[in-house]
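For the sequence shown, the tail end lands on 393 under my numbering, and the numbers increase by one without skipping.
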Amino acid sequence: MSQVDVLIIGAGAAGLHCAATAAARGKSVLLLDHAKQAGKKILISGGGRCNFTNMYTSPENFLSQNPHFCKSALSRYTPWDFIALVEKHGIAYHEKTLGQLFCDESAKDIVRMLMAECDTYGARVQLRTEILDVSYANDQYQVKTSQGSYQASKLVIACGGLSMPKLGATPLGYQLAEQFGHSVLPVRAGLVPFTLHDADKERYAELSGLAVDVVASNERSSFKEAMLFTHRGLSGPSILQISSYWLPGEAVSLDLLPSTDVLAELQQLRTDRPKLGLRTVLQQWFPKRLALTLADQHQWPDKNLADCNNALLTQVAETLNSWQVKPNGTEGYRTAEVTLGGVNTDEVSSRTMASNLQPGLFFIGEVLDVTGWLGGYNFQWAWASANAAGESV
Ligand code: FDA
Numbered sequence: 001m002s003q004v005d006v007l008i009i010g011a012g013a014a015g016l017h018c019a020a021t022a023a024a025r026g027k028s029v030l031l032l033d034h035a036k037q038a039g040k041k042i043l044i045s046g047g048g049r050c051n052f053t054n055m056y057t058s059p060e061n062f063l064s065q066n067p068h069f070c071k072s073a074l075s076r077y078t079p080w081d082f083i084a085l086v087e088k089h090g091i092a093y094h095e096k097t098l099g100q101l102f103c104d105e106s107a108k109d110i111v112r113m114l115m116a117e118c119d120t121y122g123a124r125v126q127l128r129t130e131i132l133d134v135s136y137a138n139d140q141y142q143v144k145t146s147q148g149s150y151q152a153s154k155l156v157i158a159c160g161g162l163s164m165p166k167l168g169a170t171p172l173g174y175q176l177a178e179q180f181g182h183s184v185l186p187v188r189a190g191l192v193p194f195t196l197h198d199a200d201k202e203r204y205a206e207l208s209g210l211a212v213d214v215v216a217s218n219e220r221s222s223f224k225e226a227m228l229f230t231h232r233g234l235s236g237p238s239i240l241q242i243s244s245y246w247l248p249g250e251a252v253s254l255d256l257l258p259s260t261d262v263l264a265e266l267q268q269l270r271t272d273r274p275k276l277g278l279r280t281v282l283q284q285w286f287p288k289r290l291a292l293t294l295a296d297q298h299q300w301p302d303k304n305l306a307d308c309n310n311a312l313l314t315q316v317a318e319t320l321n322s323w324q325v326k327p328n329g330t331e332g333y334r335t336a337e338v339t340l341g342g343v344n345t346d347e348v349s350s351r352t353m354a355s356n357l358q359p360g361l362f363f364i365g366e367v368l369d370v371t372g373w374l375g376g377y378n379f380q381w382a383w384a385s386a387n388a389a390g391e392s393v
């Protein structure tokens, strides 16, 4: 049985950063993962350029049953700390939009950087290792794997959530949490495209590939970003964002002309240019395909504005400023970027990420019930929670 100070399960964003942080403090660290490659999600993130942090990260950008839990770790390891690491490794980056920082070249640079940090401080990363059994006796964790057995007084669970099983996601983190007496809050897919009911899917199929800027909202949140029609339903940043706040059966409100009071605008146009056709106006505001699909669906007549009464203009305005769409569901974990819910943070120290129930056990990253918005916030949580645990193990 090999003995180390710290065993970490999961060589993703959080596990790698925690390993280097703990090793830099002189701890002997072994990081185990069943995958062939470390940091697989990092590699495909941000379209291959990894949106590795967000300059404006704040606790308001996270969902959790306990919204206060993330505050301590985020304030002690900020985006600027991670940016300093990125700069130390000479990785060029840029802000794309809304504080989102991406690599200029490739997400591979971030994985290389994390691996180099592990290497510098002597943290061992062992891949292709199946976890067969985890037990605790005499103040030690024993981890039996397909590659041998390992023992440590500190065990860090960094197995992530359930999103993208083809990249190696499994429920191991939740299972281990429950094995050691932790409660796991219900999990569901987040930052995920919506699917539509068959009738809507058919109706909007020909709009597939079309993007428009919208405000997607429900009673819990609101996001002003692009929306994309897909052949299954709706996607794009605004939809992914609101999906994390959506519950099955609910409608989502879409403002298709966020900066326009459509009713006031239509009434003004009716006075100024009464001969203008209603459908012509719609085609000036939207791509033709979308304008005509909306008009046909709602049976808006092909009339001049002069012949449109207030009731009709009000109906058009309500649809455009507050289109109610009821998704059939989401695309699920297959395409979700994150998993909502997870290990209950009430049973974990917000300062160190240590279990309040089991000595020497830590949880970091996505396995915890902390989920960020789209835009680099999830990696920032991975780095910050990993740092908190790495400084404490
Ligand atoms: P992560 O999932 O990274 O790592 C978990 C590790 O545990 C994996 O290496 C896995 O192989 C291992 N593991 C799981 N089960 C195991 C088992 N049974 N045995 C052994 N090992 C096991 N976020 C962001 O901020 N900016 C972005 O640009 C993106 N983009 C993005 C794109 C896509 C397509 C996805 C799916 C996700 C994103 N994200 C993102 C989210 C981000 O990738 C995610 O929040 C972090 O990777 C979470 O880091 P963790 O280390 O907690 O889990």
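Think of the CB as a built atom: it goes at the ideal place given N, C-alpha and C, for glycine as much as any other residue.
Below 8 Å, too few C-beta pairs join the segment 371 to 379 and the segment 162 to 177 to call them touching: fewer than three. For residue 227, the enclosing beta strand (DSSP E) has its first and last residue at 222 to 229. The DSSP-derived three-state label of residue 94 is strand. A check of alpha carbon separations from residue 98 across 61, 176, 392, 262 identifies 61 as the nearest.
Separation of residue 262 and residue 104 (C-alpha to C-alpha, rounded to the nearest whole angstrom) is 40 Å. Per DSSP, the beta bridge partners of residue 372 are 62. Given a length threshold of 4 residues, each whole run of the alpha helix (DSSP H) inside the segment 231 to 264 is given here in chain order: 237 to 243.
The three-state secondary structure of residue 180, taken from DSSP, is coil. Look at residue 323 here: in three-state DSSP terms it is strand. The alpha carbon of residue 238 has as its nearest neighbour, out of 274, 350, 194, 76, the alpha carbon of 194.
Within the model, the alpha-carbon separation for residue 382 versus residue 27 is close to 20 Å. Beyond the five residues adjoining it in sequence on each side, residue 36 comes within less than 8 Å, by CB distance, of 127, 128 in the same chain, given in chain order. DSSP places residue 136 in the strand class (E or B) of the three-state scheme.
Sequence-distant partners of residue 287 (beyond 5 residues in either direction) whose C-beta falls short of 8 Å from its own C-beta, in its chain, are 210, 212. Per the Cβ contact rule, the segment 322 to 339 is in contact with the segment 226 to 242 (3 or more Cβ pairs under 8 Å). DSSP links residue 103 through a beta bridge to 93.
Taking the Cβ of residue 94 as the reference point, every heavy atom of ligand 1 lies at 7 Å or farther away.
In this structure, ligand 1 has no non-hydrogen atom nearer than 7 Å to the beta-carbon of residue 343. By the C-beta density criterion, residue 295 is buried, having at least 16 other C-beta atoms within 10 angstroms. For residue 12, the CB falls within less than 7 Å of some heavy atom of ligand 1. Residue 259 has its alpha-carbon roughly 44 Å from the corresponding atom of residue 11.
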